[in-house]
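Student: Okay, here's the structure, questions in a sec.
2 protein chains.
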Amino acid sequence: MARIKHAVILAAGEGRRMGGGEPKPLRRVAGREILYRTVSALRDLGVEEFVLVVNPDHRARFEGFLRKLGVPAEIVLNPSPEKGNGYSLYLAREAVSGPFLLVMGDHIYGEGFLRRAVAGEGAVVDPGPRFIDRDEATAVRVRDGRVADIGKGLRDPDAYDTGCFVLDPSVFAAAAELVAERREVELADVIRRAAPPVHIVPGEFWTDVDTPADLRRASRLLIAQAVKGTGDGIVSRLINRRISTRISGLLVDRITPWQATWAAFGVGLLAAGLNPWSPVAAAVLYQVSSILDGVDGEIARATLRQTPLGGWVDSVLDRYVDIAYLLALAVSTRFPAGFWPVVALALLGSVLVSYSTERYRGAFARDIYRDVPALALIPGKRDERIFLSMVLVLLGYVRELFLALALITHLRVLITLLLGSREILGKRG
Amino acid sequence: MARIKHAVILAAGEGRRMGGGEPKPLRRVAGREILYRTVSALRDLGVEEFVLVVNPDHRARFEGFLRKLGVPAEIVLNPSPEKGNGYSLYLAREAVSGPFLLVMGDHIYGEGFLRRAVAGEGAVVDPGPRFIDRDEATAVRVRDGRVADIGKGLRDPDAYDTGCFVLDPSVFAAAAELVAERREVELADVIRRAAPPVHIVPGEFWTDVDTPADLRRASRLLIAQAVKGTGDGIVSRLINRRISTRISGLLVDRITPWQATWAAFGVGLLAAGLNPWSPVAAAVLYQVSSILDGVDGEIARATLRQTPLGGWVDSVLDRYVDIAYLLALAVSTRFPAGFWPVVALALLGSVLVSYSTERYRGAFARDIYRDVPALALIPGKRDERIFLSMVLVLLGYVRELFLALALITHLRVLITLLLGSREILGKRG
C-alpha cells in the first residue's frame, strides 16, 4: 500500500467513565496529551493531513489544541455521539480521499506500533496484547486473512482490535448502509460488514484508557517504555530502573527533564561533600544520585521532550559527579602520596570508559553497544561502578575500591578498543 | 549542466622530462598514483565511466592499474603521441556520448577543485593559480564569457588553463577539422577553435607535474593540504605542523598511518618513562611526541587512507600518553599527598576537554569547532597543554604546571558547555 498521507481520528466519545470536563484525547498521560502523542508520531511517519471527528461541545478545545500544535487538520462535528463511533466514521466520509489511517483518539500507541501499522493494510490486530484488559477488549476472528467477526465477548478470538485501521474509502459504503439501517452504529459493525484484511502487528506497545486508573497505568507504562536500553549495566536493570521509573511516574507531570538533571547533579555533589563527615552516608547518597540520574532521561523520553543537548550536558555533569565523589572520598581517606597514582587512575578510568564509547559514536555515528553487544555484559559501566563504590565503602574497603576501579575501567577501555576495532575491520572486510 | 557521468583522461604523453619508465599518471605522489587520486575523487562525485587515452607501450600497465582499482574504464590507444594531445582527444570521440569531463592525466586536483569544476560548463580556468609555474603554464584570454585565446606565453592573460574541461561532444567537430588540417594538434588548438564558455574556479588546489622536482613539490603540497584544520591550537599552527608536515613528506611513501600512530604513541610513553631520570629530557620528548602525533593524520589524508577507526584509536591513545606523562611527572616530583587532588584534576581536565568536544559530536553529529569558532581561540587544546608542560618543566615550575592545567582545562570544559548550549539553543530559537 502507498504511503499513508491522511489520518482520521475518532474523538467524539463522551468519556463518561473518566469524569471531569476534558475530552479523553486531550487528557495528559505522562506529561503529554494522548492526541499530541498520536499526531506527532504520525506526522513523523509522513501523515500530512488529519481529520478529527469531535463532539460540538469540545470543538473550541480541539481547535485550540491543533492551532498550538501547528498541524493541518480538518474538524468534523458529530452532534450525536450517542449514535456510535461507526457514525463518527461515516461523518468523515467527505473529508477523506484515498487510503487513510483510522485511529481511536483515546488509544495510546507506541511509535514502533504506528510505524508497523502504516506499513500494512486493513484492520491492525494484535494476537497477544499485553497492556489492555482482554475481557473488556474488542476481539477479532480471522478467516482467510480477513475480519470474519469483531466485537466484545467473542469466544476464543484470534486477535484483538487495536483501534487502528488502514482503510480505503470503500469502507464508507458499508458505513452508509448501516447508518440507513440502524439508529446506532458502532465501528465494529462497520468493520464486520466491510470485512477488511487483517494486518497483524504483535508485540508493540499500545493501550487504551477509559478510567482515571487507566490513565495512571498508561503513564507508568509510558515511563517503562522510556527506559533507554543501551549503556545500562546490571545494577541499573535490577535496581536503579525499578526505582527511577517509579520516581519518574510521580514527577512526570511536575518537573522538567532539565530540573531532574540538575537535581541529580546536586545530589551527586552533595554526596561528594558528605565524605569528610560520613563516608557511609556519602556512599549511599552517591548510589541515590545514580538512581536519580535515570529520571531526567525517562521523563524526557516519556514526554517526547528528549534533546541531544540534554544528553550532552547530562553526560558531562555525570563525569563531574564521579570526579567530585571519588576525589572527596580519597581526600577524606587521607591516602599517602604513594597511593595517589592509583586514585588518579581510578578517576581517569571512569571518564575514559565513557570517552572511548562516546568517541566511537563521534567517529562512526553508531552506538558501540549496538555494534558490540558483548560490551553490555562486561562490567565497568557507571551504574556498576557506583554500586561497587557503595558496597566497598560500606564494608570499609576504600583502598580496594580504588584499586578495583583503576583495574576494571582501564581494562574495559582496552576491551572496548579491541572489540570496537574488530567490529569495524570485520565490517569493512 | 546535468550531472557528469563520463570522464576522458588524456594519459598518452611521453613524460620525457620525468625520466624512468613509468607513465606520469601512474607516478606516485604522496603515496598514491596521480591517476588514483583523480579517478577516486571523480567517482565520489558521481562519474561512472572513464575513458583513458594511452600510449600503446603503456597499455598493459594502465589496464593492470584499472583492474586493481575496479573502475569501469575504456582504454583508447594513441599510437602517435607525437601528434599532440588534441589528437588524443580526437581519438576518444567514439567512446563518448553526451557531456563529459576532460582532464589531464598528469594534473593533480584537490577534491574541492573537482567538485566545483563538475558543477559548471566549458573550460575550467583559474585566475590566480598558486601552485604552478605561470611562465610555463597555458594561459587563457576570455571574451564575453568564452575562450578567446589559449596558449603558452599569452601576454596579460585573464586566467590559466587548469587542464580540466566540461565539454559536450560538439568539441569533436573542431578536433576533426584540425586533425584534417595539421600534422600535430594540441588541445589548446582544439579549445581555441571550439571556443567553449569559461568556468572560473578560483582558490582551489590543483597543480601539474613535469619533472621529478615537480613530483616532490606536489607531494609537499598534498601533505600541507592534509593538515586537519579544526582542533589545532596556536602551538600546532606555529610550530608543530611546520615540522610534522616535513616529517610526513619524508615518510609518506615509507610508512602507513597506523605505523605513525603507534610510533607517536611509543615516543609518548617513552617520554613518560624518562621522568624519573630526567624530567627535562622527558618534557622535550613529550613535545616531540606531540609533533609526531600530527604525522599519522597527515599521511592518512594525503594518501587518501584516512579512516574513522584510525581517528578513534588515535584519540584514545593520545589520552593515555597524556595520562602516562603527567602521572610519571607527578610521581617523580614526589608531591605530598595534599597536592595530589590538584594532580588528579589536571589529569582529568585534559581528558575532559576532549570528552566534552567529542561527546558534542556524538550528540549532534557536528564539529563543535565549526559550530563555535570562538573555542578555537580559547587556550587549553592538547598541543598548547603539552607545549606549556615543556616550558614550565624546563623552567622548573612543575607545581605551577599542574595548578595551571587543572585551572585551564576545567575552565575550558565549562566554557565549552556554555558556548555549546548557547549555540544549540540559538539554532532552535
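As given, the protein sequences belong to chains H and A, one line each in that order. Per the working numbering, the very first residue in the first sequence carries number 1307; after that it's consecutive. Per the working numbering, the very first residue in the second sequence carries number 1307; after that it's consecutive. All residues carry an ideal CB built from backbone N, CA and C; glycine is no exception.
So which residues of chain H does residue 1668/A contact, with C-beta pairs closer than 7 Å?
Tutor: Numbered from 1 along the second sequence, position 362 holds the residue referred to as residue 1668/A. Within chain H, the residues near residue 1668/A are 1664, 1667 and 1668.
Student: Taking 6 Å as the limit between beta carbons, can you name the residues of its chain near residue 1630/A, skipping five residues before and five after?
Tutor: For the purposes of this step, residue 1630/A is taken as residue 324 along the second sequence, with counting starting at 1. Here the set comprises 1575 and 1578.
Student: Is residue 1412/H helix, strand or coil when you go by DSSP?
Tutor: Counted from its first residue, the first sequence places residue 1412/H at position 106. Here residue 1412/H sits in coil by DSSP.
Student: Apply the 10 Å Cβ neighbour rule to residue 1344/H and answer buried if 16 or more other Cβ atoms are within range, or exposed otherwise.
Tutor: On the first sequence, residue 1344/H is found 38 positions in, with the first residue counted as 1. With 16 or more other Cβ atoms within 10 Å, it is buried.
Student: So, using beta-carbon positions, are residue 1445/H and residue 1463/H closer together than 8 Å?
Tutor: Indexing the first sequence from 1 puts residue 1445/H at position 139. Indexing the first sequence from 1 puts residue 1463/H at position 157. Yes, Cβ-Cβ distance for residue 1445/H and residue 1463/H is below 8 Å.
Student: Excluding sequence positions up to five away, which residues of its chain have a Cβ less than 6 Å from the Cβ of residue 1628/A?
Tutor: What you label residue 1628/A is simply residue 322 of the second sequence in a count that begins at 1. Closer than 6 Å at Cβ, skipping near neighbours: 1656.
Student: How many Å lie between residue 1683/A and residue 1671/A at the Cα?
Tutor: Translated into the one-based positions of the second sequence, residue 1683/A becomes position 377. Translated into the one-based positions of the second sequence, residue 1671/A becomes position 365. Straight-line Cα distance between these residues: approximately 22 Å.
Student: Taking C-beta to C-beta, are residue 1538/H and residue 1547/H nearer than 8 Å?
Tutor: Taking the first sequence and counting its residues from 1, one reaches residue 1538/H at position 232. Taking the first sequence and counting its residues from 1, one reaches residue 1547/H at position 241. Yes, they are a contact pair.
Student: Cβ atoms of residue 1550/H and residue 1600/H: under 8 Å apart, would you say?
Tutor: Your numbering for residue 1600/H matches position 294 in the first sequence. Your numbering for residue 1550/H matches position 244 in the first sequence. Going by C-beta atoms, residue 1600/H is nearer than 8 Å to residue 1550/H.
Student: Counting only the same chain and skipping the five closest in sequence on each side, list residues whose C-beta sits under 7 Å from that of residue 1622/H.
Tutor: Indexing the first sequence from 1 puts residue 1622/H at position 316. Around residue 1622/H: no qualifying Cβ.
Student: With a floor of 3 residues, list each beta strand (DSSP E) that falls wholly inside the segment 1355–1422 of chain A, ordered by position along the chain.
Tutor: Qualifying beta strand (DSSP E) stretches, in chain order: 1355–1360, 1379–1383, 1406–1410 and 1413–1415.
Student: Whose C-alpha, out of 1640/A, 1452/A and 1338/A, is nearest the C-alpha of residue 1498/A?
Tutor: Counting from one through the second sequence, the residue named residue 1498/A turns up at place 192. Comparing Cα-Cα distances from residue 1498/A to each of 1640/A, 1452/A and 1338/A, the minimum goes to 1452/A.
Student: Give the secondary structure of residue 1315/H by DSSP, where H, G and I count as helix, E and B as strand, and everything else as coil.
Tutor: Position 9 of the first sequence, counted from the start, is the residue given in the question as residue 1315/H. Looking at residue 1315/H - three-state DSSP - the assignment turns out to be strand.
Student: Look up residue 1755/H in the DSSP assignment and give the residues it is bridged to.
Tutor: Because chain H is modelled from 1307 through 1735, residue 1755/H falls outside the range shown and cannot be assessed.
Student: In chain order, which beta strand (DSSP E) runs of at least 3 residues are fully inside the segment 1448–1488 of chain A?
Tutor: 1452–1458 and 1465–1473, all fully within the segment 1448–1488 of chain A.
Student: Ordered along the chain, which non-local residues of its own chain (more than five positions away) have a Cβ less than 7 Å from that of residue 1503/A?
Tutor: Along the second sequence, read from residue 1 onward, the residue named residue 1503/A stands at position 197. Excluding sequence neighbours, residue 1503/A sits near 1427, 1428, 1451 and 1452.
Student: Compile a chain-ordered list of the residues in the segment 1372–1385 of chain H whose CB is closer than 7 Å to at least one CB of chain A.
Tutor: Of all residues in the segment 1372–1385 of chain H, none has a Cβ within less than 7 Å of some Cβ in chain A.
Student: Determine contact between the segment 1506–1523 of chain H and the segment 1386–1406 of chain H, defined as no fewer than three beta-carbon pairs at a distance below 8 Å.
Tutor: No, the segment 1506–1523 of chain H does not touch the segment 1386–1406 of chain H.
Student: Rounded to whole angstroms, what's the CA-CA distance from residue 1624/H to residue 1718/A? Just pull it up for me.
Tutor: Counting from 1 along the first sequence, the entry for residue 1624/H is found at position 318. Counting from 1 along the second sequence, the entry for residue 1718/A is found at position 412. Straight-line Cα distance between these residues: approximately 17 Å.
Student: Jot down the residue ranges of each uninterrupted beta strand (DSSP E) in the segment 1655–1726 of chain H, minimum 3 residues, whole runs only, in chain order.
Tutor: With a minimum length of 3 residues, no continuous beta strand (DSSP E) run stays inside the segment 1655–1726 of chain H.
Student: Residue 1506/A lies in the beta strand (DSSP E); which residues open and close that run?
Tutor: Along the second sequence, one-based indexing puts residue 1506/A at 200. Its beta strand (DSSP E) spans residues 1504–1506.
Student: In terms of residues, what are the limits of the alpha helix (DSSP H) holding residue 1569/H?
Tutor: As a position in the first sequence, residue 1569/H is number 263, starting the count at 1. Residues 1563–1580.
Student: With 8 Å as the threshold, decide whether the Cβ of residue 1650/H is near any Cβ in chain A.
Tutor: Translated into positions along the first sequence, residue 1650/H becomes position 344. Output row for residue 1650/H: interface = yes.
Student: Looking at residue 1646/A and the ligand GTP, is the gap between the Cβ and the nearest heavy atom below 7 Å?
Tutor: Among the components of this structure there are no ligands whatsoever, and the ligand GTP is therefore not found.
Student: Measuring straight from C-alpha to C-alpha, what distance separates residue 1442/H and residue 1415/H?
Tutor: As a first step, residue 1442/H must be located in the first sequence, where it is residue number 136. As a first step, residue 1415/H must be located in the first sequence, where it is residue number 109. Roughly 18 Å separates the two Cα atoms.
Student: For residue 1676/H and chain A, any beta-carbon pair shorter than 8 Å?
Tutor: Residue numbering aside, residue 1676/H sits at position 370 when the first sequence is read from its first letter. Cβ-Cβ to chain A under 8 Å: no for residue 1676/H.
Student: Kindly indicate the opening and closing residues of the alpha helix (DSSP H) around residue 1627/H.
Tutor: Translated into positions along the first sequence, residue 1627/H becomes position 321. It spans 1614–1639 - the alpha helix (DSSP H) in which residue 1627/H sits, taken as one unbroken run.
Student: For residue 1311/H versus residue 1355/H, is the C-beta distance shorter than 8 Å?
Tutor: Residue numbering aside, residue 1311/H sits at position 5 when the first sequence is read from its first letter. Residue numbering aside, residue 1355/H sits at position 49 when the first sequence is read from its first letter. Contact: yes.
Student: Compare the C-beta of residue 1334/A against all C-beta atoms of chain H and say whether one is closer than 8 Å.
Tutor: Taking the first residue of the second sequence as 1, we reach residue 1334/A at position 28. Answer no: the Cβ-Cβ gap between residue 1334/A and chain H never drops below 8 Å.
Student: Grab me the residues of residue 1493/H's own chain with a C-beta within less than 7 Å of its C-beta, minus the 5 sequence neighbours each way, in chain order.
Tutor: Here residue 1493/H is taken as the residue at index 187 of the first sequence, counted from 1. Once the five neighbours on either side are set aside, the close Cβ partners of residue 1493/H are 1391, 1392 and 1395.
Student: Taking the Cβ atom as the reference point for each residue, do residue 1589/H and residue 1700/H lie within a distance shorter than 8 Å?
Tutor: On the first sequence, residue 1589/H is found 283 positions in, with the first residue counted as 1. On the first sequence, residue 1700/H is found 394 positions in, with the first residue counted as 1. Closer than 8 Å, so yes.
Student: Using a Cβ-Cβ cut-off of less than 9 Å, give me the residues of the segment 1696–1715 of chain H that come near chain A, in sequence order.
Tutor: Within the segment 1696–1715 of chain H, no residue has a Cβ that lies closer than 9 Å to any Cβ of chain A.
Student: Return the CA-CA distance between residue 1332/H and residue 1410/H, expressed in angstroms with no decimal places.
Tutor: Stepping through the first sequence from its first residue, residue 1332/H is reached at position 26. Stepping through the first sequence from its first residue, residue 1410/H is reached at position 104. Cα to Cα, the separation comes out at about 13 Å.
Student: Skipping 5 residues on each side, what residues in its chain have a beta carbon closer than 8 Å to that of residue 1439/A?
Tutor: Along the second sequence, read from residue 1 onward, the residue named residue 1439/A stands at position 133. None.
Student: Please report whether the beta-carbon of residue 1719/H lies at a distance below 8 Å from any beta-carbon of chain A.
Tutor: The residue you call residue 1719/H lines up with position 413 of the first sequence. Taking Cβ atoms only, chain A reaches closer than 8 Å to residue 1719/H, which makes this a yes.
Student: Measuring straight from C-alpha to C-alpha, what distance separates residue 1307/A and residue 1454/A?
Tutor: For this step, residue 1307/A is matched to residue 1 along the second sequence. For this step, residue 1454/A is matched to residue 148 along the second sequence. Because residue 1307/A carries a pLDDT of 46, less than 50, the predicted location of this residue cannot be relied on, and no value is offered for it.
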